[in-house]
Amino acid sequence: MKHCEEFAALLDPYLDGELSPEDAARVREHLAGCDRCRAYVQAALAIRDAFPAAEDVEVPEGFADGVMAAVRADSLRQKRRRTRWAKRLAPLVACCAVVVLAVSLLPQLQRNTAVSPAQDAAETALLDEGDASAAIENDSGAQVPAQQDLDPSAKQALPSPSDSEEGAGQTSPADVPDSSASAPEAEAVSPEAAEREAILAPYSVQSTPSLTLTAEEAGDLLSGFAPAEETEDGLLYELTAAEYSDLLGRLEQEGLTVAGAATAEEAAAAGGAMVLVVPS
Amino acid sequence: MKEQTREHQLVMAAKGGDEDAFAALVRLYEKRVFALAVRMCGSREDAAEAAQEAFLAAWQGLSFFRGDASFSTWLYRLTSNACVDLLRREGRHRSAAGPSLDDEGLSLDVPDTALSPQDEAERQELREAIDRGLAALSPEHRQILILREMHQLSYDEIAEALSLDAGTVKSRISRARRQLRNFLLKDGNFSPPAASKATGKEG
């Protein structure tokens, strides 16, 4: 009986069949001589015996049909959305690529004020990116420069608290550098423009906290969430800031550092973050 | 085993976009999912909504379901999340309405002969009391007991379904069970026999 404290922690695992045979035998031996612990086990077994069974639950009539109707409706919606999201995401992805490229080339740009091969490469790359996203945009017949689309799409995906429904007259501070950065390939890219963009562009990333994972990296981390959209690129999840922060923590635990991931602070500031899971 | 194979086939087919296979999975699991949802949400209407959301989330996420966990565990996790979301979204914290069982008062003298239900009526009575007791538990205690006692998940599976570590699963189950038992004692369902042995307060 004086061992009750030691055994108290073993009673539930014992009841649940989670003990090794040796420990289970020790518990049984203790139960034979301890009324109090035996009473606990007996009560627990009585509860188990009378516990409501899933089989006794009456599912509302037509429940499965309702689910399948929702599934089919969702499939249809996904098909329609897929195209729309591809249009929205492509410029975003292209813009991120431009930013990464520009930032990585920035030191070289600063070293060489005169036109240099590195700069040429940067310009070409910038123009290529622009072309690529413009080409996708042209699918829908729209001739707008691709990057001008970035801002609205970012807002729609993650409305920031300060955004009004119309949002017409309101520009958040982060939007300002955005709009000036959205023109580089419209005006021929001058060295200064490229440099300016390189400096300003990171703001556009901050206004849209996002993270792209491969399915392999994501593993089951997002399995508890329903994707907000299914795009051609992958599944897009909209997470709250807390969920996003939690996700970052888990990725870290798994030793994964994802380049370009928005920080938890950025997600908190924007009230959430988008995670795109692309097939591995 | 046969059932598992069939389930596996259905999951694989549904992953490939086969809606009929998914419909079969829905029918296979609707009772278990609904049973969990109805106790988490507190009403059949809310439960139906949450259960539907869970299945829909399963359909949408199937392509990313890798089968590390069993399909059922994953589905319970989605159900659980859907219920929590629904309660949060609608601000419907029905669970808070019940009496608080936060402290279990483990020093209660416990009958050494716990009930052994003698007939179906008694069992039914206890079942109803358990339902009331479950409703009085906090959502996380209620949820974990249902997964354990109703759905018979192992500790590992519960850890997987609820994203908890093994230690938390163990302590939460123990706490939930003690709270439920104390509710039943107070409720008079575990009435201590008059001639209870003088067990004292050992332990």
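Residue numbers (my numbering), protein chains in the order written: chain D, 1190 to 1469; chain H, 68 to 270.
Note that the Cβ used here is the ideal one computed from N, Cα and C, for glycine as well.
Whether residue i touches residue j by CB criterion (7 Å)
i	j	result
Ala-114(H)	Cys-108(H)	yes
Phe-138(H)	Val-78(H)	yes
Pro-1161(D)	Gln-127(H)	Coverage of chain D is limited to positions 1190 through 1469, which leaves residue 1161(D) absent and any answer about it impossible.
Ala-125(H)	Leu-153(H)	no
Ala-1233(D)	Leu-1204(D)	yes
Val-1256(D)	Val-236(H)	no
Leu-1428(D)	Leu-1465(D)	no
Gly-200(H)	Phe-132(H)	no
Ala-188(H)	Ala-149(H)	no
Arg-239(H)	Ile-213(H)	no
Val-1289(D)	Glu-97(H)	no
Pro-1398(D)	Asp-198(H)	no
Glu-1419(D)	Gln-1231(D)	no
Ala-1462(D)	Ala-1456(D)	yes
Met-217(H)	Ala-1221(D)	no
Leu-193(H)	Ala-1239(D)	yes
Leu-1411(D)	Arg-1439(D)	no
Asn-256(H)	Ala-196(H)	yes
Bridge partner(s) assigned by DSSP for residue i
i	result
Leu-1400(D)	Val-1464(D)
Glu-1419(D)	Leu-1424(D)
Start and end residues, alpha helix (DSSP H) containing residue i
i	result
Leu-129(H)	Taken as a continuous stretch (DSSP letters only), Leu-129(H) belongs to no alpha helix (DSSP H), as it is neither H nor E.
His-1219(D)	1210-1222
Gly-234(H)	233-254
Asp-198(H)	187-203
Pro-1202(D)	1193-1204
Arg-106(H)	86-108
Ile-225(H)	222-229
Closer than 9 Å at the beta carbon, the chain H residues around residue i
i	result
Gly-1438(D)	Per Cβ cutoff of 9 Å: no residues; Gly-1438(D) is ~12 Å from chain H at best.
Val-1466(D)	Phe-131
Boundaries (first-last residue) of the beta strand (DSSP E) holding residue i
i	result
Leu-1424(D)	1424-1428
Under 8 Å by beta carbon: chain H residues contacting residue i
i	result
Leu-1281(D)	Neighbours of Leu-1281(D) on chain H: none; closest Cβ ~21 Å, over 8 Å.
Asp-1205(D)	Arg-215, Ser-221, Tyr-222, Ile-240
Arg-1261(D)	Glu-86
Interface residues of chain H facing residue i [CB-CB closer than 7 Å]
i	result
Ala-1239(D)	Pro-184, Arg-190, Leu-193, Arg-194, Ile-197
Arg-1266(D)	Simply none; closest approach about 11 Å.
Asp-1201(D)	Lys-237, Ile-240, Ser-241, Arg-244
Ala-1404(D)	Phe-131
Under 7 Å by beta carbon: chain D residues contacting residue i
i	result
Ala-203(H)	Neighbours of Ala-203(H) on chain D: none; closest Cβ ~14 Å, over 7 Å.
Val-105(H)	Val-1246
Val-93(H)	Ala-1253, Val-1256, Met-1257
Min CB distance residue i to chain C below 7 Å
i	result
Glu-157(H)	Absent from the structure is chain C; the protein chains it does hold are D and H.
Chain-ordered neighbours of residue i on chain D, where CB pairs are closer than 9 Å
i	result
Arg-111(H)	Glu-1247, Pro-1249
Closer than 8 Å at the beta carbon, the chain D residues around residue i
i	result
His-75(H)	The premise fails here: His-75(H) is roughly 17 Å from chain D at the closest Cβ pair, so nothing lies under 8 Å.
His-218(H)	Ala-1243
Next item on the list: Determine which residues of the region 1241-1259 of chain D have a Cβ less than 9 Å from any Cβ of chain H, and write them out in chain order.
Entry: Pro-1241, Ala-1242, Ala-1243, Glu-1244, Asp-1245, Val-1246, Glu-1247, Val-1248, Pro-1249, Phe-1252, Ala-1253, Asp-1254, Gly-1255, Val-1256, Met-1257, Ala-1259
Item checked: Short-range partners of chain H found in the region 1406-1433 of chain D, where Cβ spacing is below 8 Å -> Ala-1407, Gly-1408, Asp-1409, Leu-1411, Ser-1412, Gly-1413, Phe-1414, Ala-1415, Pro-1416, Glu-1419, Leu-1424
Notebook entry, point to check: Using Cβ-Cβ distances below 8 Å, what residues of the region 113-129 of chain H are close to chain D?
Noted result: Ala-115, Ala-118, Gln-119, Glu-120, Phe-122, Leu-123, Ala-124, Trp-126, Gln-127, Gly-128
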